[in-house]
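Below: the structure, in structure tokens.
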Amino acid sequence: MSALTGGVGPAAATAGPAAAAALRRVTGVPLARLLAKRLVAAAVIVVALATSVFVLQRLSPLDPAKAMLGPGASASAVAQQREKLGLDDPFAAQLGRYLVGLPQGDLGMSYRTRRPVMTDLGAFVPATAELAFTAIVLALLLGIFFAVSTSLRWPGASVLRGVLMAGASAPAFLLGIGAILVFYKQLGWLPASGRTGITDVPGGPSGLLVLDGLLAGRFDVVSDALKHLVLPALAISFGPSVAIGRVLRTSLSSEERSDYARTARAKGLTDGAVLRRHVLRNAVGPALSMTGLQVGLMFAGVLVVEQIFAWPGIGQYTAQSIPVADFPAIAGVTLLLGIGYVVINTVVDILQGLADPRITT
Amino acid sequence: MSQDDTTAAVATAPPPTGAGAPVARVEDLHVTFRRAGADIQAIRGVSLEVGPGEIVGLVGESGSGKSVLGLSLLGLLGGSPRTSGRAVVHGTDMLTAGAAERRDVRRLHLGAVFQDPMTSLNPTMRVGRQIVEAAGSQDEAVRLLTAVGVPDPARRLRAYPHELSGGLRQRVMIAMAVAGTPSLVIADEPTTALDVTVQAQVLGLVKRLRDEIGCAFLLVTHDLGVAAQVVDRVAVMYAGRITEVGPADEVLRHGAHPYGVALMRSRLSLRTDRDTPLLALPGSVPSPARPEPGCAFAPRCTLAGPDCTTTPPAPVEVAPGHLAACVRDLAEIRAFADAVPGEEPPATGRPSAATAPAAATEAGPGAAPDDAPVEEPAAVRVQNAYRTYGVGSGIGRRRPLQALRGVSLTVARGEAVAVVGESGSGKSTLLRLVAGLERADGGTIELGSAAGAQMVFQDSGASLTPWLTIGELVGERLRSAGVPRAERDRRVAEALELVGLPAEVAKARGTQLSGGQRQRVGLARATVVPPEILLCDEPTSALDVSLAASVINLVGRLRRELDMAVLFVTHDLSVARVVADRIAVMYLGRIVEIGTADEITHRPRHPYTQALVAAVPDLGVEPPPPSGEPASPLDPPPGCAFHPRCPRATPSCSDPALDPRLAAQPGERTRLTACINLEVS
Ligand SMILES: Nc1ncnc2c1ncn2[C@@H]1O[C@H](COP(=O)(O)OP(=O)(O)OP(=O)(O)O)[C@@H](O)[C@H]1O
Ligand code: SF4
Ligand code: SF4
Ligand SMILES: [Mg+2]
């Protein structure tokens with residue numbers, strides 16, 4: 000829930016009185032209904048995801064007990080371990096135990112780290128959150144930039160369009176590797192591994208280095224963390240940003256030709272004023288929808304790209320959990336991503352309601 | 000662009016003498032677009048002046064260049080056309096001046112009103128901010144809204160466009176257009192998207208604003224009745240040229256150009272003769288990609304001769320201030336105009352054989368069915384039909400919208416009944432129920448026979464699958480009935496012939512046909528297996544007068560030859576009058592009056608029918624603008640739903656317990672009216 004208010008607050012603050020009024024409108028009954036609906040959706044998704052992870056665990060040939068004890072463990076030790084983990088209980092009992100624990104924040108114990116999965120996630124999530132948030136913002140900014148620069152008439156427009164298409168069709172890991180080769184190996188402009196090179200980083204409160212650095216007044220940390228973010232965030236957001244940019248370009252050009260834009264020009268407004276005051280707000284809707292759709296893709300991108308950039312986030316955690324059949328850890332990560340997806344799409348819906356007064360009536 | 004036709008261009012029609020320097024002057028304007036490798040000559044030498052405070056009407060069929068002329072004066076031509084000539088407003092040529100200079104002219108001296116106020120206002124900005132952009136301040140915005148007759152203006156400023164009714168939206172557009180008292184307002188079809196009673200109000204407003212502010216209007220319209228009502232001078236456009244220009248009364252009553260004469264004649268009014276086919280203009284507008292070398296009207300002109308096809312005829316002054324571009328002399332044209340029936344006295348009623356028995360069967364909601372002693376088999380019998388929709392989507396609340404609130408209607412075999420009413424009255428819903436496309440929530444709908452109902456839509460073009468040929472589309476129903484191939488082809492050819500399409504059309508696809516042809520395909524498709532009843536949903540409202548006339552004639556002919564009943568939905572009483580034996584008038588989900596076409600159009604009795612009839616724009620008619628706009632079907636007013644707008648309403652009319660039923664007056668057999676305060680006549 001805090002993510003939601005965080006998403007709405009800044010938007011309302013920057014968009015002025017009109018948005019504030021719109022916010023008052025969406026914060027009435029419709030917003031409560033939207034949130035209620037999304038809570039239900041999140042619950043359904045969590046149950047569905049948890050169930051499928053458990054089914055996978057059943058089908059998997061790996062034995063977590065064996066993986067925990069190592070290859071040399073005796074059969075009786077393994078059996079004992081299975082007993083201890085409750086792995087021999089009926090399927091429904093295991094699943095039920097897991098689901099009942101969820102509301103209390105109990106995601107079970109990791110087989111590998113032997114700590115609560117919740118604690119592990121708490122340690123890894125901030126790094127991933129910082130990267131994912133940066134990537135989403137970057138995808139939006141780049142999308143706007145691509146939309147504008149490919150629709151303007153300049154000699155490079157068609158070349159740029161071709162480059163973007165080619166780039167967008169490359170998977171995120173390829174872009175990541177390419178970026179490392181060029182900007183780190185060849186040019187040496189940007190770092191290519193980890194979150195920061197500084198050892199005495201502030202330890203809190205958010206776990207987001209840029210934010211914590213700002214709060215602590217450690218601008219060296221801020222700038223170093225930002226440098227580390229550039230390449231992985233770029234690799235993740237490039238494809239989505241091209242998709243967003245294309246949608247935005249199409250909707251900008253059709254809104255520019257709309258009747259109300261003609262009315263605005265007939266009033267004697269400048270082209271810039273027509274674009275800023277009238278066209279933009281009407282054109283963002285489809286771009287926001289596309290952003291919501293791309294978020295799922297970007298989550299997949301984050302997990303892979305973290306590997307390439309040695310980013311200490313849940314991608315790393317997942318990569319270490321999969322080979323040892325650490326199903327509680329895998330389930331925890333899966334649920335987290337599912338909830339993140341719902342949250343971000345809820346924010347997108349609220350932003351769309353802010354942009355278009357017709358949506359909530 | 001040829002320079003040799005400048006002769007045609009000197010048709011500068013001066014404004015009435017003594018009016019002062021013109022506020023706008025178009026001189027020999029040519030506008031050529033480039034589309035799909037072809038030159039589209041939208042305007043081919045137009046000259047026109049608009050005097051201060053003058054209302055100039057620009058009329059003509061679709062594609063004649065009216066909107067392009069208006070946009071040229073605004074300096075807002077899109078699609079980067081080639082232009083020559085001048086379009087001067089306030090001393091600035093809006094074709095060649097710099098962007099900043101044109102912007103200043105638009106801001107200070109021009110206003111614009113466009114056809115659809117829903118799309119022409121920014122949906123995401125409060126109307127207050129939109130008006131302030133033009134008016135400069137909040138106070139001025141309130142003053143303007145008051146001036147254009149928006150009730151409670153301070154509150155409306157905070158509304159979004161979708162929260163206003165169509166009429167209020169167009170008033171907001173007009174308020175923005177007259178902000179800063181411009182010297183000229185370009186109004187492009189400002190009333191086409193509005194209901195007829197609201198249209199009358201908006202036209203009244205245009206006239207009042209001219210008188211109060213003194214700004215001139217260039218009023219683009221395809222409706223000659225609209226022009227007749229408010230304009231001082233009329234310019235008739237055809238294929239990118241002005242064929243005739245002069246004082247409105249002169250041009251509309253004593254046209255001096257064969258095109259203007261023919262246009263006036265194919266126009267429908269409440270006085271149109273019902274017993275003879277309409278005088279449709281033959282042929283269609285020439286393609287702007289292949290203009291005629293001489294007079295553009297020659298292919299469709301009865302008076303055309305070899306002298307017409309070489310050079311465009313020069314405009315000649317036929318009367319003071321009245322110019323016409325035709326090579327024939329005036330006497331010849333007048334003789335042509337008089338040779339055909341012009342405005343006849345009202346056609347006396349033609350009691351259709353089918354009418355009488357069915358008429359007495361309509362009854363209000365809940366009325367005992369046995370007051371209708373009808374044995375005659377009916378084509379369709381609707382009894383006490385109710386239909387409610389849930390509206391409001393996304394994350395808003397859903398509310399019930401009562402589209403039909405107890406409608407009973409019987410259409411006899413072979414009878415044609417028109418259903419008229421303003422938007423939201425439920426007429427299309429009724430049609431969809433009869434077509435079986437939706438189910439009624441209450442009441443019954445019985446079709447007379449298994450032949451069933453077939454529907455023709457407003458825009459048949461949209462319902463023609465683009466990847467099937469016309470032949471396949473028309474034959475679809477035969478095919479699903481298992482008719483063998485050869486037989487199918489034969490019957491498709493017959494159906495096409497019946498609707499007046501050449502047989503080759505069977506191989507064409509929907510996108511290659513014109514609007515009128517597509518409408519004919521829609522009719523062929525519906526009648527290839529003749530239905531018991533043909534359902535038409537505004538099939539003419541997207542068509543020009545001449546095309547509409549031919550489609551109406553066709554519906555009449557099909558009805559006779561195939562012996563079908565017809566249920567025809569339209570918002571246009573003049574159309575209803577000529578297609579139907581009887582007319583049912585709907586208001587907010589109920590039939591408020593039903594009777595023969597002549598009863599309804601010449602002796603309306605229900606106050607709403609009277610307001611509708613009075614609002615139909617026509618020559619020499621000064622309508623008393625009816626008050627108010629249709630209420631929302633989301634919450635129909637209690638008692639008689641019409642009472643907030645009714646001039647005869649009494650306190651008992653708003654009594655929630657009141658439920659006015661359709662009832663016949665003593666001595667009348669064919670007409671039923673639902674009103675408790677009928678004038679005794
Ligand atoms: N931007 C454009 N690009 C290409 N062709 C255009 C453009 N605008 C108008 N035209 C063409 O110019 C011709 C005149 O169009 P215009 O819109 O002025 O007709 P109109 O008289 O206003 O018709 P209607 O009654 O349908 O509004 C048409 O053939 C139209 O297709
Ligand atoms: S010039 Fe010829 S074709 Fe044109 S309107 Fe006159 S008579 Fe008809
Ligand atoms: S019942 Fe009353 S309000 Fe309704 S139409 Fe008759 S007089 Fe008017
Ligand atoms: Mg037009």
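Chains as they are written, first to last, in numbering that gives the first Met the number 0: chain A, 0 to 360; chain B, 0 to 680.
C-beta: ideal position from N, C-alpha, C; glycine also.
Fair warning: this is a prediction, and the values are worked out from it, not measured in the lab.
ask   = So, helix, strand or coil for A/Glu305, using DSSP?
value = Working through the first sequence from its first residue, we reach residue 305 of chain A at position 306. In this structure, A/Glu305 counts as helix in the three-state DSSP scheme.
query = Just how far apart, CA to CA, sit A/Leu228 and A/Asp62?
reply = For this step, residue 228 of chain A is matched to residue 229 along the first sequence. For this step, residue 62 of chain A is matched to residue 63 along the first sequence. If you take the alpha carbons of A/Leu228 and A/Asp62, they lie about 37 Å apart.
task = Check whether the Cβ of A/Asn281 lies closer than 8 Å to any Cβ atom in chain B.
result = For the purposes of this step, residue 281 of chain A is taken as residue 282 along the first sequence, with counting starting at 1. Closer than 8 Å to some Cβ of chain B, the Cβ of A/Asn281 qualifies, so yes.
Meets three-Cβ-pair contact criterion under 8 Å: the stretch 94 to 108 of chain B and the stretch 137 to 155 of chain B = no
ask   = Quick one: does B/Thr301 have its CB under 8 Å from some CB of chain A?
value = Within the second sequence, residue 301 of chain B is the residue found at index 302, counting from 1. Any Cβ of chain A closer than 8 Å to the Cβ of B/Thr301 would place that residue at the interface, and such an atom is absent.
task = Have a look at B/Val171 and B/Gly447 and give me their C-alpha separation to the nearest angstrom.
result = Stepping through the second sequence from its first residue, residue 171 of chain B is reached at position 172. Stepping through the second sequence from its first residue, residue 447 of chain B is reached at position 448. Rounded to the nearest angstrom, the two C-alpha atoms are 49 Å apart.
key: 8 Å Cβ cutoff, A/Ala14 in contact with chain B   = Working through the first sequence from its first residue, we reach residue 14 of chain A at position 15. Confidence at A/Ala14 is low in this model, with a pLDDT of 39, below 50, so the placement of that residue should be treated as unreliable; the coordinate-derived value is given next. It does not; no Cβ of chain B falls within 8 Å.
ask   = So which residues on chain A does B/Asp580 lean against when the C-beta distance must stay under 9 Å?
value = Here residue 580 of chain B is taken as the residue at index 581 of the second sequence, counted from 1. Ordered by position in chain A, no residue passes the 9 Å Cβ test against B/Asp580, which lies about 40 Å from the chain.
inquiry  = Taking the beta carbon of B/Ser182 as the centre, do at least 16 other beta carbons fall within 10 Å, making it buried, or is it exposed?
reply    = Counting from one through the second sequence, the residue named residue 182 of chain B turns up at place 183. Looking at its Cβ environment, which holds 16 or more other Cβ atoms inside 10 Å, B/Ser182 is buried.
task = To the nearest angstrom, report how far apart A/Arg23 and A/Leu353 are at their CA atoms.
result = On the first sequence, position 24 is the one that residue 23 of chain A refers to. On the first sequence, position 354 is the one that residue 353 of chain A refers to. Bear in mind that the predicted position of A/Arg23 carries a pLDDT of just 48, short of 50, making it too unreliable to give a figure here.
query = Considering only residues of the stretch 213 to 255 of chain B, which uninterrupted alpha helix (DSSP H) runs meet the minimum length of 4 residues and lie entirely inside it, listed in chain order?
reply = 223 to 229, 247 to 252
query = What is the DSSP secondary structure of B/Cys535, counted as helix, strand or coil?
reply = Start at 1 with the first residue of the second sequence, and residue 535 of chain B comes out as number 536. Here B/Cys535 sits in strand by DSSP.
query = Quick one, which residues of the stretch 111 to 123 of chain B are near chain A if we go by CB-CB under 7 Å, in chain order?
reply = Ala111, Phe113, Asp115, Thr118, Ser119, Leu120, Asn121, Pro122, Thr123
task = Check whether the Cβ of B/Ala648 lies closer than 7 Å to any heavy atom of ligand 3, and answer yes or no.
result = Within the second sequence, the letter at position 649 stands for residue 648 of chain B. Yes, the Cβ of B/Ala648 comes within 7 Å of a heavy atom of ligand 3.
key: Proximity to B/Gly77 [Cα-Cα], best of B/Gly84, B/Ser83, B/Val67   = As a first step, residue 77 of chain B is located in the second sequence; it is residue number 78 there, counting from the start. Comparing Cα-Cα distances from B/Gly77 to each of B/Gly84, B/Ser83, B/Val67, the minimum goes to B/Val67.
query = Got a sec: which bits of the stretch 130 to 162 of chain B sit with their beta carbon under 9 Å from any beta carbon on chain A, in order along the chain?
reply = Correct list: Glu132, Ala133, Arg157, Tyr159, Pro160, His161, Glu162.
key: DSSP bridge partner residues for B/Tyr388 (one or two, in chain order)   = Residue 388 of chain B sits at position 389 when you count from the first residue of the second sequence. B/Tyr388 pairs with B/Leu400.
Opening and closing residue of the alpha helix (DSSP H) in which A/His227 lies = Indexing the first sequence from 1 puts residue 227 of chain A at position 228. 218 to 255 is the extent of the alpha helix (DSSP H) around A/His227.
key: Short CB-CB distance (under 8 Å) between A/Ala286 and chain B   = Counting from 1 along the first sequence, the entry for residue 286 of chain A is found at position 287. Chain B contact via Cβ: absent.
message = Helix, strand or coil, according to DSSP, for B/Asn552 in the structure here?
response = Counting from one through the second sequence, the residue named residue 552 of chain B turns up at place 553. Looking at B/Asn552 - three-state DSSP - the assignment turns out to be helix.
Selection from B/Val381, B/Arg412, B/Arg576 that minimises the alpha carbon distance to B/Arg404 = For the purposes of this step, residue 404 of chain B is identified with residue 405 of the second sequence, where counting begins at 1. Ranking B/Val381, B/Arg412, B/Arg576 by Cα distance to B/Arg404 puts B/Val381 first.
message = Under DSSP, the beta strand (DSSP E) around B/His321 begins and ends at which residues?
response = Translated into the one-based positions of the second sequence, residue 321 of chain B becomes position 322. Counting along the chain, the beta strand (DSSP E) containing B/His321 begins and ends at 321 to 323.
At least 3 beta-carbon pairs within less than 8 Å: the stretch 53 to 73 of chain A vs the stretch 317 to 331 of chain A = yes
Residue environment, B/Val504, which counts as buried when at least 16 other CB atoms sit within 10 Å = Here the question's residue 504 of chain B lines up with position 505 in the second sequence. Under this definition B/Val504 is a buried residue.
ask   = In terms of alpha-carbon separation, which member of B/Ser513, B/Asp187, B/Val149, B/His605 lies closest to B/Ile112?
value = Position 113 of the second sequence holds residue 112 of chain B. According to the sequence displayed, residue 112 of chain B carries Val and not Ile. That would be B/Asp187, whose Cα lies nearest to the Cα of B/Val112.
message = For chain B, check one thing: does any of its Cβ atoms lie closer than 8 Å to the Cβ of A/Gly267?
response = Numbered from 1 along the first sequence, position 268 holds the residue referred to as residue 267 of chain A. Chain B, which has a Cβ nearer than 8 Å to the Cβ of A/Gly267, makes this yes.
Whole-angstrom distance between A/Ala178 and A/Tyr340, CA atom to CA atom = Within the first sequence, numbered from 1, the residue matching residue 340 of chain A stands at position 341. Within the first sequence, numbered from 1, the residue matching residue 178 of chain A stands at position 179. The straight-line gap from Cα to Cα measures roughly 27 Å.
query = For B/Gly442, which residues from the same chain have a beta carbon less than 6 Å from its beta carbon, with the 5 sequence-adjacent residues on both sides left out?
reply = Locating residue 442 of chain B in the second sequence gives position 443, counting from the first residue. Gln382, Asn383, Ala384, Tyr385, listed in sequence order.
task = Measure the alpha-carbon distance for A/Gly295 versus B/Thr180 and round it to whole angstroms.
result = As a first step, residue 295 of chain A is located in the first sequence; it is residue number 296 there, counting from the start. As a first step, residue 180 of chain B is located in the second sequence; it is residue number 181 there, counting from the start. Distance between the alpha carbons of A/Gly295 and B/Thr180 is about 54 Å.
inquiry  = If we define contact as Cβ-Cβ less than 8 Å, is A/Asp258 a contact residue for chain B?
reply    = Residue numbering aside, residue 258 of chain A sits at position 259 when the first sequence is read from its first letter. A/Asp258 counts as touching chain B.
key: Burial state of A/Leu58 (16 or more Cβ within 10 Å)   = If you number the first sequence from 1, residue 58 of chain A lands on position 59. Its Cβ having fewer than 16 others within 10 Å, A/Leu58 is exposed.
request  = Report the neighbours of B/Met175 on chain A: residues whose CB is nearer than 7 Å to its CB, in chain order.
outcome  = Within the second sequence, residue 175 of chain B is the residue found at index 176, counting from 1. Those are Lys266, listed as they occur along chain A.
request  = Taking only heavy atoms of ligand 2 into account, decide whether any of them is closer than 7 Å to the Cβ of B/Pro292.
outcome  = Against the second sequence, residue 292 of chain B aligns to sequence position 293. Outside the cutoff, so no.
ask   = So what does DSSP say about B/Glu560, is it helix, strand or coil?
value = As a first step, residue 560 of chain B must be located in the second sequence, where it is residue number 561. B/Glu560: helix per DSSP, three-state reduction.
ask   = B/Leu269: which of B/Thr309, B/Ile332, B/Pro646, B/Arg602 sits nearest, CA to CA?
value = Counted from its first residue, the second sequence places residue 269 of chain B at position 270. Considering only alpha carbons, the answer is B/Arg602.
Cα-Cα separation between B/Ser61 and B/Val527, rounded to whole angstroms = By one-based count along the second sequence, residue 61 of chain B stands at place 62. By one-based count along the second sequence, residue 527 of chain B stands at place 528. Spanning the two alpha carbons is a distance of roughly 30 Å.
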